[in-house]
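Here's the structure, in structure tokens; my notes come after.
In the numbering used here, the protein residues as written are 503 to 655.
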């Protein structure tokens with residue numbers, strides 16, 4: 503059995519791809535039975551698509567891999583706490599676990615601002631583990647936005 507840190511390192515590699523394409527550096531992987539079956543990195547700017555978040559891309563790949571709409575026995579590893587859109591998609595996918603790196607105090611939907619992932623009124627609740635490799639995940643985002651501010655000045 504691989505650790506949460508093991509899979510989060512793969513999510514960080516995906517996030518680096520987003521940074522290389524000048525997108526917000528968020529990366530995600532989905533693991534099923536200790537194998538990565540979905541990968542994604544933010545491609546909002548690249549595709550000019552507001553729904554092209556790392557989690558959404560990884561969910562689509564994982565569902566295609568399994569040939570099913572439910573991601574039972576799967577875990578998502580993402581470098582930042584999912585936003586409300588992604589959290590809703592994760593609930594609809596019936597994923598078992600979400601592991602995130604950095605919390606998102608502005609739009610996090612895994613407990614920071616909203617609690618969509620474990621909301622009592624929804625028909626599926628997801629186990630959440632936050633703060634895995636938090637410093638590395640937050641640092642990647644901070645560096646990206648620091649460089650962006652310098653570039654714009």
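We put the beta carbon where it would ideally sit given N, CA and C, even for glycine.
Next on the checklist: Bridge partners for residue 600 per DSSP, in chain order?
Outcome noted: Within the chain shown, residue 600 is the residue found at index 98, counting from 1. In DSSP, residue 600 forms a bridge with 578, 630.
Next on the checklist: Going by C-alpha to C-alpha distance, which of 578, 555, 543 sits closest to residue 534?
Outcome noted: Numbered from 1 along the chain shown, position 32 holds the residue referred to as residue 534. Out of 578, 555, 543, 578 has the C-alpha closest to the C-alpha of residue 534.
Item to check | Nearest candidate by alpha-carbon position, reference residue 583, set 550, 566, 612, 555 | outcome: Counting from 1 along the chain shown, the entry for residue 583 is found at position 81. Ranking the options by Cα distance to residue 583, first place goes to 612.
Item to check | Three-state class that DSSP yields for residue 532 in the structure shown | outcome: As a working note, residue 532 is residue 30 in the chain shown. Reduced to three states, the DSSP call for residue 532 is strand.
Next on the checklist: In the DSSP output, what is residue 612 paired with across the bridge?
Outcome noted: Taking the chain shown and counting its residues from 1, the one referred to as residue 612 is at position 110. 617, per the DSSP bridge assignment.
Item to check | alpha helix (DSSP H) segments (min. 4 residues) lying fully within the segment 552-578 | outcome: 556-568
Checklist entry - What does a CB cutoff of less than 6 angstroms around residue 532 pick up in its chain, not counting 5 residues either side in sequence? => result Taking the chain shown and counting its residues from 1, one reaches residue 532 at position 30. Same-chain partners within the cutoff: 539, 540, 560, 564, 576, 578.
Item to check | 8 angstroms Cβ cutoff met for residue 553 and residue 503 | outcome: Here residue 553 corresponds to residue number 51 of the chain shown, with the count starting at 1. Here residue 503 corresponds to residue number 1 of the chain shown, with the count starting at 1. It is not a contact, given that the beta carbons lie outside the stated cut-off.
Next on the checklist: Could you compute how far the alpha carbon of residue 615 sits from the alpha carbon of residue 648?
Outcome noted: Along the chain shown, read from residue 1 onward, the residue named residue 615 stands at position 113. Along the chain shown, read from residue 1 onward, the residue named residue 648 stands at position 146. Those two C-alpha atoms are separated by around 24 angstroms.
Checklist entry - Between which two residues does the alpha helix (DSSP H) containing residue 521 stretch? => result Residue numbering aside, residue 521 sits at position 19 when the chain shown is read from its first letter. Residue 521 -> alpha helix (DSSP H) spans 506-522.
Checklist entry - If you measure from the beta carbon of residue 538 to each beta carbon in chain D, is any gap under 8 angstroms? => result Among the protein chains of the structure shown there is no chain D, as only one such chain exists.
Next on the checklist: Going by the DSSP bridge assignment, what does residue 538 pair with across the sheet?
Outcome noted: Locating residue 538 in the chain shown gives position 36, where the first residue counts as 1. Paired residues: 533.
Checklist entry - Since residue 525 contacts residue 547 with CB under 8 angstroms, what's their CB separation in whole angstroms? => result Taking the first residue of the chain shown as 1, we reach residue 525 at position 23. Taking the first residue of the chain shown as 1, we reach residue 547 at position 45. With 8 angstroms as the limit, residue 525 and residue 547 qualify as a contact, their Cβ atoms being about 5 angstroms apart.
Item to check | CB-CB length for residue 557 against residue 518, believed under 8 angstroms | outcome: Mapped onto the chain shown, residue 557 falls at position 55. Mapped onto the chain shown, residue 518 falls at position 16. Actually they are not in contact, since the Cβ atoms of residue 557 and residue 518 sit about 17 angstroms apart, beyond 8 angstroms.
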